[in-house]
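Heads up: the structure comes next, in structure tokens.
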Amino acid sequence: MMIGEMDVGSVVGYFRGKSILITGSTGFLGKVLMEKILRVQPDVKKLFLLVRANDVESAKLRIQSEVIGTDLFRVLKVKHGVAFDSFIEEKVCPLVGDIMYENFGLDIIKLRELSKDIDIIVNGAATTNFYERYDVAFDVNVLGVKHVCAFANKCTKLKMLLHVSTAYVAGEQKGLIPEKPFLMGETLKVGTHLDIESEKNLIKQTRIELEANCCTEKAEKKTMKELGLKRARYFGWPNTYVFTKAMGEMMLGHLRGGFPVVIIRPSIITSTLKDPLPGWIEGIRTIDTVIIGYAKQTFSFFLVDSESIMDVIPGDMVVNAMMVTMAAHLEEQVQVIYHVTSSVRNPAPYAILAESAHRYFLDNPPCTGRNAGRVWLKKMRFFGTLGRLRLYMAMKYKLPLEMLHLVNIALCGVFSRRYNELSRKYKFFMQLIELYAPYTLFKGCFDDVNLEKLRMAMNKDQNNSGVYYFDFDPKSIDWDDYFYRIHIPGVLQTYASLSYI
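Sequential numbering from 48 applies to the sequence shown in my numbering.
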């Protein structure tokens, strides 16, 4: 892989006059990418956004409310002023479609027009739920990639296909994890072989059986979720999400045509570091659940080794890396993988987040409850192994729950409602622990030698305002400052805006 010297100008220039198809544009990363392209390269020809909607007007409304109308676009709105709406109308074109379907569900005429115009495809669409239904995750994360590849091979002037995956397709590997592709049929468990077509048939057969048995929607959902976890763990992956993302990568490698393919594997994506706004985030993501739980003191403990590395990367750095990698492989017939991660370059142990959060909430005491009273802040207790946490949960919660169960039986069901409620909460929390254990106890680190080559090739010229447009070096991050001053306030602001508090 040869990469020539690059600078901000060459990266920005690469997107001039380009027509770009973006899937997953209503997701966090899709929005940050879209905003960045429009801000740094207003001469981009067109951004085609594949959106699930009933019709074009509904798609436009969805883009307006879920993307353009967010605070993320504040800087771009100021830049264009009264011309902002006309600029967006000229540059952004929503398409009613879904990667779950062949040809995205587009009609033949629209598909033909689109295939003649597209220069770049960015496939960011995915279902990221760890405990998703197997059929849903397979349709989006596996068959979706197949449909993207089929369309890409119809595009007459395609210069690049960028696919967003996840670093955790590595499963629960230890040590240094290289940026290498998955071969078709490869698994993480010795003695197993993965046949994607067989998995597709298994899902189809399971659906037929569920329908024949007249299962309720709830029973069907539970069965399909459990099937996903069962198949993932059989082949060595911890959950349905990373299992289907790995299969998606295999599909991409198998079906790609004679155009450059870049696979971006970010680790845990967190709020923007600085561009266009520090601390912008959408939704409550992975580690943010712990921050909110700590603020409300509903989480007094968590499964994590405080000295283990928490591989996180700000969203704007991921987007910067995406744009630079696209420009770097201009019309090369290569497939290259980039880990956009921090565990090698600038490792951050979980202890840093814990200390930053404790200090932040001491300085800014959270309020909760009906009368918005102050929360009595206690340090969170960490359990370094699943066994220790299970024992703690059994003694502190499971045993009292069983005693309540016996009392309830003796009193002819007086406490049935209370017991059922507490039992559900206990089962939910234990399931949550099991799902997150592979990440909070992760012992690997992600080699980013390919991305380092790109950083070395990038001439760090600055624009007139002195802002480096495409920083994707985690070494520039002071983690304590980032969590205390940027990420935690951003998470709390997002949480408040979602009307959770």
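Cβ coordinates follow ideal geometry from the N, Cα and C atoms, glycine included.
Anticipated Cβ contact below 8 Å, residue i with residue j, distance rounded
i    : j    : result
L85  : K124 : Not really, about 11 Å apart at Cβ, beyond 8 Å.
P285 : R392 : In fact, because the Cβ distance is near 25 Å, the residues do not count as touching under 8 Å.
L400 : L488 : The pair is not a contact, with the Cβ atoms about 15 Å apart (cut-off 8 Å).
V289 : Y215 : 5 Å
H376 : M503 : Not a contact, Cβ separation roughly 16 Å.
I311 : M369 : 6 Å
E264 : Y385 : 40 Å between Cβ atoms; not a contact.
V98  : T117 : Incorrect: roughly 15 Å between the Cβ atoms, too far for contact.
M357 : I334 : 7 Å
D154 : K204 : D154 to K204, Cβ: 21 Å. No contact.
T253 : L235 : In fact, because the Cβ distance is near 23 Å, the residues do not count as touching under 8 Å.
F530 : M364 : That belief does not hold up - the Cβ atoms of F530 and M364 are roughly 15 Å apart, past 8 Å.
K221 : S355 : The Cβ separation is near 11 Å, so there is no contact.
Buried or exposed (CB count within 10 angstroms, at least 16 for buried), residue i
i    : result
V103 : exposed
S523 : exposed
A342 : buried
K65  : buried
Q88  : buried
C196 : buried
G232 : exposed
S389 : buried
K107 : buried
R278 : buried
S112 : exposed
E468 : exposed
H240 : exposed
V237 : exposed
Q509 : The pLDDT assigned to Q509 is 49, lower than 50, so where the model puts this residue is not dependable, and the model offers no usable value.
H534 : buried
N511 : Residue placement at N511 is poorly supported in this model, since its pLDDT is 45, which falls under 50; the coordinates are not used for a value here.
V496 : exposed
D528 : exposed
S245 : exposed
V143 : buried
V383 : buried
Limits of the beta strand (DSSP E) - the one that residue i falls within
i    : result
Y385 : Q382 to V387
K93  : K93 to V98
I146 : Where I146 is concerned, there is no enclosing beta strand (DSSP E), given that its DSSP letter is neither H nor E.
N170 : I167 to N170
F530 : Run containing F530: none; DSSP gives neither H nor E here.
M364 : Here M364 belongs to no beta strand (DSSP E); instead the alpha helix (DSSP H) covers G362 to A375.
S66  : S66 to T70
L230 : Counting along the chain, L230 falls outside any beta strand (DSSP E), and DSSP gives it neither H nor E.
V211 : M207 to V211
F348 : F348 to L350
is_contact[residue i, chain D] using C-beta, thresh 8 Å
i    : result
A173 : The chain inventory of the structure shown lacks chain D, comprising one protein chain alone.
Residue i vs residue j beta-carbon contact at 8 Å
i    : j    : result
T319 : P325 : yes
S353 : P396 : yes
I316 : F493 : no
V58  : V371 : yes
P323 : V122 : yes
E82  : F131 : no
T287 : Y407 : no
I243 : V538 : no
Y466 : L451 : yes
A173 : N188 : yes
T291 : F177 : no
I110 : L96  : yes
E149 : H210 : no
G171 : L299 : no
K474 : Q344 : no
E296 : P228 : yes
M477 : M440 : yes
L448 : S470 : yes
E160 : P485 : no
V129 : K78  : no
Residue interval of the alpha helix (DSSP H) (run including residue i)
i    : result
F408 : Y397 to D410
H127 : R121 to H127
F177 : Where F177 is concerned, there is no enclosing alpha helix (DSSP H), given that its DSSP letter is neither H nor E.
G330 : Where G330 is concerned, there is no enclosing alpha helix (DSSP H), given that its DSSP letter is neither H nor E.
M81  : F75 to V87
I338 : I334 to K343
V58  : V55 to Y61
F134 : F131 to K138
F517 : Run containing F517: none; DSSP gives neither H nor E here.
R109 : V103 to I110
_beta strand (DSSP E) segments (min. 3 residues) lying fully within the segment 423-498_ = Correct list: 428-430 and 491-493.
*Whole beta strand (DSSP E) runs in the segment 236-318 with 3 or more residues, listed along the chain?*
308-313 and 315-317
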